[in-house]
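Participant:
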Amino acid sequence: MTTIAHIVLPHNGLIDEGREQRSAMEEREKTWIKTDAMARYLEHKAVTLILHFLLFRTACALNFDWERTQLTDSEAALNSAIRFGSLASSVVTDREECRAVPGDASWPSDAAWASLNDTLDGALLKPRPLASSFSTEDPTSVMSQWASGSSCTPTLYPNSTCTQGGFPIYVVRATTIKHIQIAVNFARNHNIRLVIKNTGHDFNGKSIGGYSLGVWTHKLKDMVYHANYTSPTGSYTGRAVAYSAGVQAYEGTALMRKNNMTFIVAGGATVGIAGGFLQGGGHSSYTSYYGLAADQVLALTAVTADGRVVECHEGLNEDLFWAFRGGGGGTFGILTSVVVRAFSLTPIISSSIRFSTTPNPGSNTSLSAETFWAGMEAYWKFSPQICAAGGLGYNFIYPTNTPTGLTFTVGISVPNMSAIAYGRFLHPLIQELNDLGIEVPLPALKRSLHTVDTDDNISLSHSHSHLASRGILHELTPHTLLSSRLFPRSSFSPSTLPQTHTAIRTLVASNLTFHGMSYCPLSSLSPFTANAVNPAFRTTLLHAQAYFPTAHWDGAAPLLSRAELTAQHGVLQAAVQQWRDVSPGGGSYVNEGDAQDWEWQQGFYGANYPELREVKARWDPWGVFWGVGMVGSEEWEVRDLEGGKRMGIVVQDGRVCRTGCHHVGQQRHEKKRAVGNKQEENQFHGFGFGFR
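In this text, residue positions in the sequence shown follow the UniProt record's numbering: the first is 1, and each later residue adds one.
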């Protein structure tokens, strides 16, 4: 490690003595030094104190070599198509009503796209939508096919139609930060919709968009384990992992095995762990033991809407650092790499329980519906003990219209517990179920050194093996809507549990599938929870989801029209409203919720939303980063290609236009810019002065 003295400058500049800076930063530093404002800044009597605080030991600020390949000011100045934006300029005046689409006068010519490809050294793709599967290895394929307008879905029929629909027209295959900067600048300067995809697991289809330019970060695959890392401000010393935007959970697990340690990754093996997972919160098998993924972040690097590369941590760009950790993926910039806290090897022990109104194989015994629901109530009463043990209860209730009939399954996993202790821990639940007449055999214990794969989306059933052998189906394709609710602990007290239990039972009775996770991501589990994670998480005991039982589309079942999806959405909203009624103080999970819910701002972000809107206005006044349910998304909407308003469920096969819902905070921010930046320049940016 090298001791480095940092001086924090206005507009988030940084003089870094001790390592070579890129030429663009040197030019900006020379300009600042020549100004009276810089002279006054250096003469400020507090600078000695600042220097004292900012002497620290740190790893290299940029984690990987490809992050040093950046777009320079001189390169951008020579090509107006990729010039940088200015967050310090006066009012943003380029406020076209709609994003450009092919046929508009402002849409780039073929020659302009060819020139962009040259600038990108051949990294610009013009992919056709993948009609055969959801594949994380494809630049446009996404899990939630309904969000594309079902224009090019997996199919068993070779003569089926396939159109571009809600998929990007061009995609930048990013292998350097420079590629990302160029894509952001080109889209902003040409008023083109920009979308970001790593693996495409987003349930609301935020990784796609009609008539857009996509940024595909999936090929950024670097990881490094630090056995003794010191954070930039020195507030943390210990194990850490740095990883880049394209890393997936299974790759993180391999790094754990190699280095005999643990860090937080998603339960689904193919989920990208630096995208929406981490930026929206990120739950795992360790949620009740170590906290959420966002609670482990020590530092991050990103490209913001002006095309600049920024580094964020405690003491530097603190507002952005706060927002990236829980405020939602693809909203405040494109994250390129992150450093997270790691832990000593933390093994997990788990087992599963199942009971149903349909007899188990080899048994003639079936449960009545009343006995079944009595068993469910016993589980709800036991769930606080799962949290107290630092564990996870990953469960489903399947309705009567499914092949298994009314069925409950749960996998209960606990970190760092012996088999004997686990048996004692689980015994009260098994005993109560047996007393109710629900025969539960002694659970078979399973040990895992790292994490339990909880994602049933990634396993191919026997009926789909023929598709996999032909390279057609990489993952089963969800073609359904879902909603979620974070039930607080207060919903499971003796006086409130009957109402909570009834609300869940009513939903299942309406033939919706219930999926729940019993966990508690308390603030006390990590010293780094002063972030933008939905405050409702901190009191959560049950993270519940509801969706229609046709959760995965197999390529042969009939597609649902937008009208049918809209009708389903209405049913879902009505059912989940009952959950809201019995869970005051609860919320919803931005990564696994209904982005078209009528209370999405409160549900996804809670009391953090006004501050997140302020951060969004400061860092993205153009609205470059947009998606349904994201912070600031109320300013835009998807319309027909001709600009006509749409009714019903929102799919991404139209053009994006302004709603006229201009944020008051952004107006205030632009007014501040218009009168100058003197006040802003006299604040010590990045060390807490003026933050919030």
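Glycine included, C-beta positions come from ideal geometry on N, C-alpha and C. A quick note: this is a predicted structure, and the numbers were derived from the prediction, not measured.
Taking P488 as the reference, give the member of F514, S518 and T506 with the closest Cα.
Facilitator: That would be S518, whose Cα lies nearest to the Cα of P488.
Participant: Starting from the C-beta of F64, find all residues in its chain whose C-beta is less than 7 Å away, skip the five residues before and the five after it, and write them out in chain order.
Facilitator: Taken in chain order, the residues that qualify are D222, S244 and S337.
Participant: With DSSP as the reference, please indicate the residues paired to G272 in a beta bridge.
Facilitator: Answer is Q248.
Participant: Using a Cβ-Cβ cutoff of less than 7 Å, which residues in the same chain neighbour L522 once the five nearest sequence positions on both sides are dropped?
Facilitator: Correct list, in chain order: R538.
Participant: Work out the CA separation of F408 and Q385 for me, nearest whole Å.
Facilitator: Going by the C-alpha atoms only, they are around 19 Å apart.
Participant: Given a threshold of 16 other Cβ atoms within 10 Å of its Cβ, counted over all protein chains shown, does L442 qualify as buried or as exposed?
Facilitator: L442 comes out exposed.
Participant: Looking at the secondary structure, which residues open and close the beta strand (DSSP E) in which H218 lies?
Facilitator: Per DSSP, H218 belongs to no beta strand (DSSP E) and is neither H nor E.
Participant: Please report how far the alpha carbon of N401 lies from the alpha carbon of Y289, in whole angstroms.
Facilitator: The alpha-carbon atoms of N401 and Y289 are separated by roughly 36 Å.
Participant: Based on Cα-Cα distance, which residue from L641, G623 and K258 lies nearest to E635?
Facilitator: Per the Cα distances, G623.
Participant: Helix, strand or coil for M417 per DSSP?
Facilitator: Three-state DSSP puts M417 in coil, outside helix and strand.
Participant: How far does the beta strand (DSSP E) with S350 in it reach, from first residue to last?
Facilitator: Note, S350: beta strand (DSSP E), I348 to S356.
Participant: At which residue ranges does the segment 552-612 contain complete alpha helix (DSSP H) runs of 4 or more residues, listed in the order of the chain?
Facilitator: Whole alpha helix (DSSP H) segments, 4+ residues: 562-581 and 600-605.
Participant: Would you mind reading off the limits of the alpha helix (DSSP H) that contains V303?
Facilitator: Looking at the DSSP string, V303 is not in any alpha helix (DSSP H); the run it does join, the beta strand (DSSP E), is V297 to V303.
Participant: Report the rounded CA-to-CA distance for Q70 versus A302, giving the unit in angstroms.
Facilitator: Those two C-alpha atoms are separated by around 12 Å.
Participant: Does DSSP put I430 in a helix, a strand or coil?
Facilitator: The answer is helix: DSSP assigns I430 an H, G or I state.
Participant: Per DSSP, what kind of secondary structure is E96 in: helix, strand or coil?
Facilitator: Residue state, collapsed to three classes: coil.
Participant: Look at the Cβ atom of N189, then the Cβ atom of R83, and state whether they are nearer than 8 Å.
Facilitator: Cβ atoms of N189 and R83: closer than 8 Å.
Participant: In the DSSP assignment, what are the bridge partners of I397?
Facilitator: F408 and F514.
Participant: Shortest alpha-carbon distance to G315 belongs to which of A509, G234 and A532?
Facilitator: Per the Cα distances, G234.
Participant: Considering only DSSP beta bridges, list what E370 is partnered with.
Facilitator: In the DSSP output, where bridge partners are listed per residue, E370 has none listed.
Participant: CA-CA distance, N198 and I169?
Facilitator: Their Cα atoms are separated by approximately 17 Å.
Participant: Would you tell me roughly how many angstroms separate the C-alpha atoms of L572 and N511, rounded to the nearest one?
Facilitator: Approximately 11 Å between the Cα atoms of the pair.
Participant: CA-CA distance, N317 and F324?
Facilitator: So the alpha carbons of these two residues sit roughly 11 Å apart.
Participant: Tell me, which residues are paired with T230 by DSSP?
Facilitator: Bridge partners of T230: T237.
Participant: Would you give the residue range spanned by the beta strand (DSSP E) that Q545 belongs to?
Facilitator: That run of the beta strand (DSSP E) goes T540 to Y547.
Participant: Please tell me whether Q279 and L335 are closer than 8 Å, where the distance is taken between their beta carbons.
Facilitator: Yes, the pair counts as a contact, with Cβ atoms nearer than the cut-off.
Participant: Using 8 Å as the Cβ pair cut-off and three pairs as the minimum, do the segment 529-537 and the segment 387-403 touch?
Facilitator: The segment 529-537, when compared against the segment 387-403, does not touch it at the 8 Å Cβ threshold.
Participant: If you reduce the DSSP assignment to three classes, tell me which class N261 lands in.
Facilitator: Looking at the sequence itself, residue 261 is Met, so the reference to Asn does not match. Strand.
Participant: Quick check on the DSSP output: the alpha helix (DSSP H) that includes K178 runs from which residue to which?
Facilitator: Note, K178: alpha helix (DSSP H), I177 to N189.
Participant: For K616, tell me which candidate among R173, A595, L392 and T331 has the shortest Cα-Cα distance.
Facilitator: Checking every option, the nearest Cα to that of K616 belongs to T331.
Participant: What residues match up with I334 in a beta bridge as DSSP calls it?
Facilitator: Answer by DSSP bridge pairing, in chain order: V303.
Participant: Distance, Cα to Cα, T371 vs F528?
Facilitator: Approximately 44 Å, taken between the alpha carbons.
Participant: Which residues in the same chain as S469 place their Cβ atom closer than 6 Å to its Cβ, once the five residues preceding and following it in sequence are excluded?
Facilitator: Unreliable positioning characterises S469 in this predicted model, as indicated by a pLDDT of 32, which lies under 50. The coordinate reading is nonetheless provided below. If we look at S469 and ignore the five residues flanking it on each side, it has no Cβ neighbours.
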